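Q:
There are 2 protein chains.
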Amino acid sequence: MAKPTIGDVARVAGVTRATVSHAYSGKRSISAPTKARVFEAAESLGWVPSHSARALATRRANAVGLVIARDPGVIASDSFFPAFIAGLESGLADAEVALLLQVAASRSAEERAYRSMAHGKADGVIVIDLHRSDWRVAFLAELGLTAVLLGAYEQESPFSCVRSDDAVQMRDLITHLRGLGHERIAHVTGPLGYVHSHARARAYVEEIGSEELLREGDFGAASGRDLTGELLDLTDRPTAVLYANDTMAIAGLSLARSRDFRVPDDLALAGFDDDHLSAHLSPALTSVATDPFRRGRITAEVLLADIDGATPGSVEIDCNELRLRASTAAPAPSIAQGGDR
Amino acid sequence: MAKPTIGDVARVAGVTRATVSHAYSGKRSISAPTKARVFEAAESLGWVPSHSARALATRRANAVGLVIARDPGVIASDSFFPAFIAGLESGLADAEVALLLQVAASRSAEERAYRSMAHGKADGVIVIDLHRSDWRVAFLAELGLTAVLLGAYEQESPFSCVRSDDAVQMRDLITHLRGLGHERIAHVTGPLGYVHSHARARAYVEEIGSEELLREGDFGAASGRDLTGELLDLTDRPTAVLYANDTMAIAGLSLARSRDFRVPDDLALAGFDDDHLSAHLSPALTSVATDPFRRGRITAEVLLADIDGATPGSVEIDCNELRLRASTAAPAPSIAQGGDR
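Protein sequences, first through last, are from chains P and F.
When we follow UniProt numbering, the leftmost residue of the first sequence carries the number 1, and every step to the right adds one.
When we follow UniProt numbering, the leftmost residue of the second sequence carries the number 1, and every step to the right adds one.
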């Protein structure tokens, strides 16, 4: 029997040859049932798209890139990453697009990673951990890469942006704590160069009207512990602390306990990101669930659409949910009245 | 000024042109300081290796592949994945090799993923979730891909294999429980088609001498819950249950509690894999830490060496550590003497 051709596959599947080609290129305009029909036909005939023909026909790498400019350990220690990566894969799997994941230890390694992606290894990239004025935006535009930015980027950019408004939950938390009788509410932030840390800190300052109890942390447990210690040492100490992530909040909880502060009676604590662990602590930690899985899925979908020629735009997603738990309650009477332990 | 050439870079860095080329190809035979010198020289001169020249010179994708044939959600819900991926990245980052991660929803999607990796998208692949007789071994060999198998594969294979002996900790756990006075010890396994589940189950049967209290689960919480219920319904119920992962053990703990069994007095429980959460439960869960980060790092190093022409072999790693916690203790006297609650 002669070797099967793309025409044979098209005939058996009842579609055009272009549709067969598109089904293999990850084009999203082909419906899942049609794709399935094409793949079944190809399999029954033993037809395999040749890599070069496919590459020529589509000029697609069928991969999108994610460069992480942090220590590799963060992929396991920060619960954002596994859920976000799982969400990306869930948005890419149907189109059979792979995720090219690269950890870069330096700025120059980062640039080399993006360059090699631009030179055929990826059809587009996802940019996370945005800085308020981020060199990558102009760099990627110059490379001609399609990109999607995760976060509320406020500078000009030619790229789609998937953003959510964290300020809402910061304000809700502060309103809730004030309703319980808290008057001295502190905030331990992430690095303020990051868009997400800055947005949360700005909402805090707007709501509280002062930076007196604002401390800049780095998302790590050690900074959560040390800054909590610093806040508790103040003559007029806070009765509640909001942290920009749960890791710092858990370290703060542990430090407060070790100094015999009762949580939540003497000190109310709340985190952000709702770590896997937080609902199971004693007391359970109030936090804001940010659904990184859904963020990942939507980001992948926007990127695939942009690669297919959609006009870049801003996508506002509403993924956040305040989870009130036992770590936030009314201050003990002596504390609320300004006395101390 | 004329455009800089690879010769200029070699001169400034004080190395040969071949060394410059190898530094960019991810060859591990170039030392890190030499590499750094080459990259600095290239940067100072503004020299960029052209993709095609680089590809021709080295025939490297500078990426390794990992195909996950499970639901994308598992990357977040099973703590093995983030730590293993972080470990892989830690083993790949110095060589500036990326990880091409693809979730495949079907056998044919899986085959297409490996084919496209073999056709230039990856220099080698990592194979996880090995089955006792795994179709991927012959398939990858036929594709001519370099591969490393994670797990104690017992069939013939042309690939390196990174294995650890889980049987040791199963035996230690059983010895420990017997020392505490437990005589009826059950085991809820993972799917027995998997190499890792089978090895743990075999160690259990060898040690206990019977399959009476062996139940096959699927690593999911629902199977942990249901099989625990089944075991507790037995007339001569077990006083201790060993689970093949912590997810099933946590579901079992919760089911036992809901039926008013005291843990560990009425029922001792132990997991495997030492989830992030397990040390923080009440009672804390006895488990076996398997250090997937280190597994990932070693697997990446073995794969990079094999890509560079090392002879494939078997690497035995000793990553496991039994973590005895409050969920395993002596049975309450009435239970140990054969009475029931």
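Where a beta carbon is used, it is the ideal one built from N, C-alpha and C, also for glycine.
Bear in mind that the values here come from a model prediction, so they are computed numbers and not experimental data.
As an exercise, report each continuous alpha helix (DSSP H) stretch of at least 4 residues that is fully enclosed by the segment 179-262 of chain F, in chain order.
A: Qualifying alpha helix (DSSP H) stretches, in chain order: 195-208, 221-232, 246-258.
Q: Can you tell which of F/V148, F/T34, F/V15 has its C-alpha closest to the C-alpha of F/R295?
A: The residue given as residue 295 of chain F occupies position 295 in the second sequence. For F/R295, the nearest C-alpha among the options comes from F/V148.
Q: Tell me the rounded alpha-carbon separation between F/D318 and F/V162.
A: Numbered from 1 along the second sequence, position 318 holds the residue referred to as residue 318 of chain F. Numbered from 1 along the second sequence, position 162 holds the residue referred to as residue 162 of chain F. Going from the Cα of F/D318 to the Cα of F/V162 covers about 10 Å.
Q: Determine which residues share a DSSP beta bridge with P/R323 and list them.
A: Against the first sequence, residue 323 of chain P aligns to sequence position 323. Partner(s): P/S287.
Q: Residues of chain P with CB closer than 7 Å to the CB of F/R112, please, in chain order.
A: Residue mapping note: residue 112 of chain F aligns to position 112 of the second sequence, counting from 1. E96, listed in chain order.
Q: Evaluate P/V205 with the Cβ neighbour count: other Cβ atoms within 10 Å of its Cβ, from every protein chain shown; 16 or more gives buried, anything less gives exposed.
A: Mapped onto the first sequence, residue 205 of chain P falls at position 205. P/V205 is exposed by the Cβ-count criterion.
Q: Restricting to Cα atoms, I'd like to know which of P/V20, P/E43, P/E156 is closest to P/K35.
A: Against the first sequence, residue 35 of chain P aligns to sequence position 35. Of the listed residues, the one whose Cα sits closest to P/K35 is P/V20.
Q: In this structure, how does DSSP classify F/D273 when only helix, strand and coil are distinguished?
A: Translated into the one-based positions of the second sequence, residue 273 of chain F becomes position 273. Residue state, collapsed to three classes: strand.
Q: Determine, using beta carbons only, whether F/V15 comes closer than 7 Å to chain P.
A: As a position in the second sequence, residue 15 of chain F is number 15, starting the count at 1. Judged by the 7 Å Cβ criterion, F/V15 is not in contact with chain P.
Q: For P/G252 versus P/T228, is the C-beta spacing smaller than 7 Å?
A: The count along the first sequence starts at 1 and reaches residue 252 of chain P at position 252. The count along the first sequence starts at 1 and reaches residue 228 of chain P at position 228. Yes. Within cutoff.
Q: Could you have a look at F/V67 and say whether DSSP puts it in helix, strand or coil?
A: Your numbering for residue 67 of chain F matches position 67 in the second sequence. In the structure shown, F/V67 sits in a strand (DSSP, three-state: E or B).
Q: Does the Cβ-Cβ distance between P/F80 and P/P292 come in under 7 Å?
A: Reading the first sequence from its first residue, position 80 is the one you call residue 80 of chain P. Reading the first sequence from its first residue, position 292 is the one you call residue 292 of chain P. In this structure, P/P292 lies closer than 7 Å to P/F80 by Cβ.
Q: Within the continuous alpha helix (DSSP H) that includes F/L143, where are the two ends?
A: As a first step, residue 143 of chain F is located in the second sequence; it is residue number 143 there, counting from the start. Unbroken alpha helix (DSSP H) run through F/L143: 135-143.
Q: Hey, how far is the Cα of F/V137 from the Cα of P/G46?
A: For the purposes of this step, residue 137 of chain F is taken as residue 137 along the second sequence, with counting starting at 1. For the purposes of this step, residue 46 of chain P is taken as residue 46 along the first sequence, with counting starting at 1. One C-alpha to the other measures close to 21 Å.
Q: By Cβ distance below 6 Å, which residues in the same chain neighbour F/L56 in space, the five residues on each side in sequence not counted?
A: As a working mapping, residue 56 of chain F is identified with position 56 in the second sequence. Legend: pLDDT at F/L56 = 42, less than 50; position of this residue unreliable, no value from coordinates given.
Q: Pick helix, strand or coil for P/I126, following the three-state DSSP scheme.
A: For the purposes of this step, residue 126 of chain P is taken as residue 126 along the first sequence, with counting starting at 1. Strand at P/I126.
Q: Along chain P, in chain order, which residues have C-beta atoms closer than 8 Å to that of F/L281?
A: Taking the first residue of the second sequence as 1, we reach residue 281 of chain F at position 281. Correct list: H280.
Q: P/S90 CB to nearest chain F CB: under 7 Å?
A: For this step, residue 90 of chain P is matched to residue 90 along the first sequence. With 7 Å as the cut-off, P/S90 counts as an interface residue toward chain F.
Q: Indicate whether at least one CB of chain P lies closer than 7 Å to the CB of F/L101.
A: For the purposes of this step, residue 101 of chain F is taken as residue 101 along the second sequence, with counting starting at 1. Interface residue, yes.
Q: What would DSSP say about P/Q102, mapped onto helix, strand or coil?
A: Locating residue 102 of chain P in the first sequence gives position 102, counting from the first residue. If DSSP states are grouped into helix, strand and coil, P/Q102 belongs with the strands.
Q: I need the DSSP call for F/A61, collapsed to helix, strand or coil.
A: Here residue 61 of chain F is taken as the residue at index 61 of the second sequence, counted from 1. Coil, per DSSP.
Q: Indicate the three-state DSSP secondary structure (helix, strand or coil) for P/A332 in the structure shown.
A: Residue numbering aside, residue 332 of chain P sits at position 332 when the first sequence is read from its first letter. In the structure shown, P/A332 sits in coil (DSSP, three-state: anything other than H, G, I, E or B).
Q: Exposed or buried, what is F/R262 when buried is set at 16 or more other beta-carbons lying within 10 Å of its beta-carbon?
A: The residue given as residue 262 of chain F occupies position 262 in the second sequence. F/R262 comes out exposed.
Q: Alpha carbons only, please: which of F/T175, F/A256, F/S31, F/P82 is nearest the one belonging to F/I208?
A: Numbered from 1 along the second sequence, position 208 holds the residue referred to as residue 208 of chain F. Of the candidates F/T175, F/A256, F/S31, F/P82, the one whose C-alpha sits nearest the C-alpha of F/I208 is F/T175.
Q: Since P/H276 meets chain F, which of its residues come closer than 8 Å, beta carbon to beta carbon?
A: Translated into positions along the first sequence, residue 276 of chain P becomes position 276. Under the 8 Å cutoff, chain F gives H276, L277.
Q: From the DSSP secondary-structure annotation, give me the bridge partner or partners of F/H131.
A: Locating residue 131 of chain F in the second sequence gives position 131, where the first residue counts as 1. Its beta-bridge partners are F/Y194.
Q: With a threshold of 7 Å between beta-carbons, can F/I30 be considered close to chain P, or not?
A: Numbered from 1 along the second sequence, position 30 holds the residue referred to as residue 30 of chain F. F/I30 does not count as touching chain P.
Q: Going by DSSP, what residue range makes up the alpha helix (DSSP H) through F/V302?
A: Walking along the second sequence from the start, residue 302 of chain F turns up at place 302. Taken as a continuous stretch (DSSP letters only), the alpha helix (DSSP H) holding F/V302 covers 292-307.
Q: Quick check: is the beta carbon of F/G73 nearer than 7 Å to any beta carbon in chain P?
A: Position 73 of the second sequence, counting from 1, holds the residue named residue 73 of chain F. F/G73 counts as touching chain P.
Q: Is P/P4 close to chain F? Criterion is C-beta to C-beta, closer than 7 Å.
A: Residue mapping note: residue 4 of chain P aligns to position 4 of the first sequence, counting from 1. No, its Cβ sits nowhere closer than 7 Å to a Cβ of chain F.
Q: For P/S157, which residues from the same chain have a beta carbon less than 7 Å from its beta carbon, with the 5 sequence-adjacent residues on both sides left out?
A: The residue labelled residue 157 of chain P in the question sits at position 157 within the first sequence. V137, L149.
Q: Between P/P158 and chain F, is there a C-beta pair that is closer than 7 Å?
A: As a position in the first sequence, residue 158 of chain P is number 158, starting the count at 1. Judged by the 7 Å Cβ criterion, P/P158 is not in contact with chain F.
Q: When you compare only the Cα positions, how much space is there between P/Y153 and F/A122?
A: Here residue 153 of chain P refers to the residue found at position 153 when the first sequence is read from its first residue. Here residue 122 of chain F refers to the residue found at position 122 when the second sequence is read from its first residue. Going by the C-alpha atoms only, they are around 33 Å apart.
Q: Should P/R215 and P/V195 be called a contact, given that it needs their Cβ atoms to be closer than 7 Å?
A: Residue mapping note: residue 215 of chain P aligns to position 215 of the first sequence, counting from 1. Residue mapping note: residue 195 of chain P aligns to position 195 of the first sequence, counting from 1. It is not a contact, given that the beta carbons lie outside the stated cut-off.
Q: Would you mind reading off the limits of the alpha helix (DSSP H) that contains F/E110?
A: To locate residue 110 of chain F, count along the second sequence from 1; it is residue 110. That run of the alpha helix (DSSP H) goes 107-116.
Q: Can you say whether P/Q155 is buried or exposed, counting buried as having 16 or more other CB atoms within 10 angstroms of its CB?
A: Here residue 155 of chain P is taken as the residue at index 155 of the first sequence, counted from 1. Its Cβ having fewer than 16 others within 10 Å, P/Q155 is exposed.
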